[in-house]
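This report refers to the structure that appears directly beneath it.
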Amino acid sequence: MITRWTALAALGILGSIWPSHAYQNYSRADLLQSSFSLNDDRPPDCPPCFNCNLEAFQCEQFSPCSKYNGKCSCPPGFGGEDCSKPLCDSLAKGKDRAPRGEGECVCEDGWEGINCNVCKTNDACNALMPEDSGGVCYKDGVVVKENHQMCDITNRKILDQLKERTPQATFSCNAEDDTCNFQFWVGQEESFYCALDTCSYSSENDYDKNTTSYKCEHIKCACVPGRMLCGEEGSIDIGVFLDKSIKGPASFSSISTEGGSKQDGSKFEEPAMNDLIKSVFGDESITLTCSWGECLYRTDVPGYTRPVKEINTPLIAGVIAGCALFVVLVILLVWYLSRRSFKYGPIHLSDDSDDDLAQMMAEHKPASLQFENVSYNLSGKQILSGVQGIALPGQLMAIMGASGARQNHLPRHPGKKEQAWLC
């Protein structure tokens, strides 16, 4: 009996001995599919393993399929092998988010929505920031990086038709690749979904309201089989219509009147879908009231300006006051001295100083200074030689020379002694 594991082992052995070009034209999906066909001992109630590379398995939300592992790359808020299960907790949990069980999701504090994608507070966004701080739940304006919206359908005819099963919609956009996605829910169960591309965004801000607009050139939609509007018992099936007629362009517009926390008068429009809504429910388009949020770092928020460095006002005031006081003191001092000089006359030495000088001279003993053969040599050159003279008491004597007696200006008289002049 050849089992699946035997077949895989055989493929591994053959792969080790065959050259690579012997099977390079076969894809991984072909090899996996061939291994399934060899599995003769599979129990009747055991389903085949999920592999989105095979036609029997498809990724919902139009998610891309990895050709390496056969798994779907789900958008934020969706999980499971085929991206059909809403995820709970919050966006901050990343890949560790838990899929929804029975009933509605219980979101973490600061998050809301069917799949807990919409932030409500700045603190909730801190967990997504590199340093767990500085997060802002941005609720004003169009998408900056990737935003998420949770909307309630407000078409009266649709509400009357569905009664207790509340119709809702989720909508999100990614600015990096200019794409959006849209999901229509009935009673917390997804009915159909759409993928939009080549999208542009704009915003118009007035003093009492903000209007945001999204326009996408192309749209494709698909039903979730067996759900409301998509083949559920007692419900119409719009699956073929979505597949064949919905092409685009599509638009989403909203008017925010409460500081961005609620968007009233929102509309989702596409020509063929508008015709369907009008023919079945009598309304022109899908109308909604939405709440939305996008976690950004504070410097990424549109209109952010770096705060001006705070000035130590008390310190500067103290310095200014101190300088002013010093100037006042200087002025007062100058004024006081000028007044004193005017009143008492100029400051002068005491008359006793002359008596002190006379007493010093009376005790002074005069002396004469005589010198001879004074000479001076600089770098091997004789500058002065044979200089002689005498200084008597009460006289001033100086040796005079040309231009300060510099070497290059001294008069040179070979064989003649320089003269010393007494003054």
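In the UniProt record's numbering, the protein residues as written are 1 to 423.
No residue lacks a Cβ here, since even glycine has one placed at the ideal position from N, Cα and C.
Next on the checklist: Using a Cβ-Cβ cutoff of less than 8 Å, which residues in the same chain neighbour residue 85 once the five nearest sequence positions on both sides are dropped?
Outcome noted: The residue you call residue 85 lines up with position 85 of the sequence shown. So the list reads 78, 79, 99 and 100, once near-sequence residues are dropped.
Item to check | Entirely enclosed beta strand (DSSP E) segments - the stretch 191-224, minimum 3 residues | outcome: Complete beta strand (DSSP E) runs here, min 3: 210-223.
Item to check | Assigned secondary structure, residue 62 (DSSP; H/G/I helix, E/B strand, else coil) | outcome: Position 62 of the sequence shown holds residue 62. Looking at residue 62 - three-state DSSP - the assignment turns out to be helix.
Checklist entry - Under 8 Å between the Cβ atoms of residue 179 and residue 115? => result As a first step, residue 179 must be located in the sequence shown, where it is residue number 179. As a first step, residue 115 must be located in the sequence shown, where it is residue number 115. Cβ atoms of residue 179 and residue 115: not closer than 8 Å.
Checklist entry - With 16 other CB atoms within 10 Å as the buried threshold, where does residue 212 fall? => result Indexing the sequence shown from 1 puts residue 212 at position 212. In summary, residue 212 is buried, with 16 or more beta-carbon neighbours lying within 10 Å of its beta-carbon over all protein chains present.
Next on the checklist: What residue range does the alpha helix (DSSP H) around residue 381 cover?
Outcome noted: As a working note, residue 381 is residue 381 in the sequence shown. Unbroken run through residue 381 is the beta strand (DSSP E), 381-391; no alpha helix (DSSP H).
Item to check | Nearest-angstrom beta carbon gap, residue 220 and residue 62 [assumed within contact, 8 Å] | outcome: Stepping through the sequence shown from its first residue, residue 62 is reached at position 62. Stepping through the sequence shown from its first residue, residue 220 is reached at position 220. The Cβ separation is near 7 Å, so the contact holds.
Next on the checklist: Can you tell me whether residue 99 is helix, strand or coil according to DSSP?
Outcome noted: Locating residue 99 in the sequence shown gives position 99, counting from the first residue. Annotated three-state conformation of residue 99 is strand, per DSSP.
Checklist entry - Based on the DSSP secondary-structure assignment, which residues constitute the bridge partners of residue 107? => result Looking up residue 107 in the sequence shown gives position 107. Answer by DSSP bridge pairing, in chain order: 89.
Item to check | Alpha-carbon to alpha-carbon, residue 388 and residue 398 | outcome: Taking the sequence shown and counting its residues from 1, one reaches residue 398 at position 398. Taking the sequence shown and counting its residues from 1, one reaches residue 388 at position 388. Distance between the alpha carbons of residue 398 and residue 388 is about 12 Å.
Checklist entry - Residues bridged to residue 237 by DSSP? => result On the sequence shown, position 237 is the one that residue 237 refers to. When beta bridges are read from the DSSP output, residue 237 appears opposite 230.
Item to check | Cut-off 8 Å between Cβ atoms - residues of its own chain near residue 55, not counting five sequence neighbours on either side | outcome: In the sequence shown, the residue the question calls residue 55 occupies position 55. Within the same chain, and ignoring the five residues on either side of residue 55 in sequence, no residue has its Cβ closer than 8 Å to its Cβ.
Checklist entry - Based on Cα-Cα distance, which residue from 45, 324 and 193 lies nearest to residue 230? => result By one-based count along the sequence shown, residue 230 stands at place 230. Taking only the C-alpha atoms, the option nearest residue 230 is 193.
Checklist entry - At what residues does the alpha helix (DSSP H) containing residue 446 begin and finish? => result Because residue 446 is not part of the residues shown, which for the chain are 1 to 423, the question remains open.
Checklist entry - Which same chain residues, not among the five before or five after residue 374, have their C-beta less than 6 Å away from its C-beta? => result Position 374 of the sequence shown holds residue 374. For residue 374, where only same-chain residues beyond five positions count, the Cβ hits under 6 Å are 387.
Checklist entry - From the DSSP output, which residues share a beta bridge with residue 168? => result Residue mapping note: residue 168 aligns to position 168 of the sequence shown, counting from 1. In DSSP, residue 168 forms a bridge with 152 and 185.
Item to check | Bridge-paired residues (DSSP) for residue 250 | outcome: Taking the first residue of the sequence shown as position 1, residue 250 is located at position 250. In DSSP, residue 250 forms a bridge with 216.
Checklist entry - Where does residue 291 fall in DSSP's three states? => result To locate residue 291, count along the sequence shown from 1; it is residue 291. Strand.
Item to check | Given residue 204 as reference, the closest of 142, 248 and 278 once Cα atoms are compared | outcome: Looking up residue 204 in the sequence shown gives position 204. Distances from the CA of residue 204 to each of 142, 248 and 278 were compared; the closest alpha carbon is that of 142.
Checklist entry - Mapping DSSP to helix, strand and coil, what is residue 158? => result Start at 1 with the first residue of the sequence shown, and residue 158 comes out as number 158. In this structure, residue 158 counts as helix in the three-state DSSP scheme.
Item to check | Where the alpha helix (DSSP H) containing residue 117 begins and where it ends | outcome: Reading the sequence shown from its first residue, position 117 is the one you call residue 117. Segment: none, residue 117 is in no alpha helix (DSSP H) and carries neither H nor E.
Item to check | Given residue 133 as reference, the closest of 140, 265 and 122 once Cα atoms are compared | outcome: Here residue 133 refers to the residue found at position 133 when the sequence shown is read from its first residue. Among 140, 265 and 122, the Cα nearest to that of residue 133 is on 122.
Item to check | residue 185, buried or exposed, once every other Cβ within 10 Å from all chains shown has been counted against 16 | outcome: Residue numbering aside, residue 185 sits at position 185 when the sequence shown is read from its first letter. Residue 185 is buried by the Cβ-count criterion.
Item to check | Contacts around residue 187, its chain only, beta-carbon distance under 6 Å, and the 5 residues preceding and following it disregarded | outcome: Counted from its first residue, the sequence shown places residue 187 at position 187. Counting only Cβ-Cβ distances below 6 Å, and skipping sequence neighbours, we find 165.
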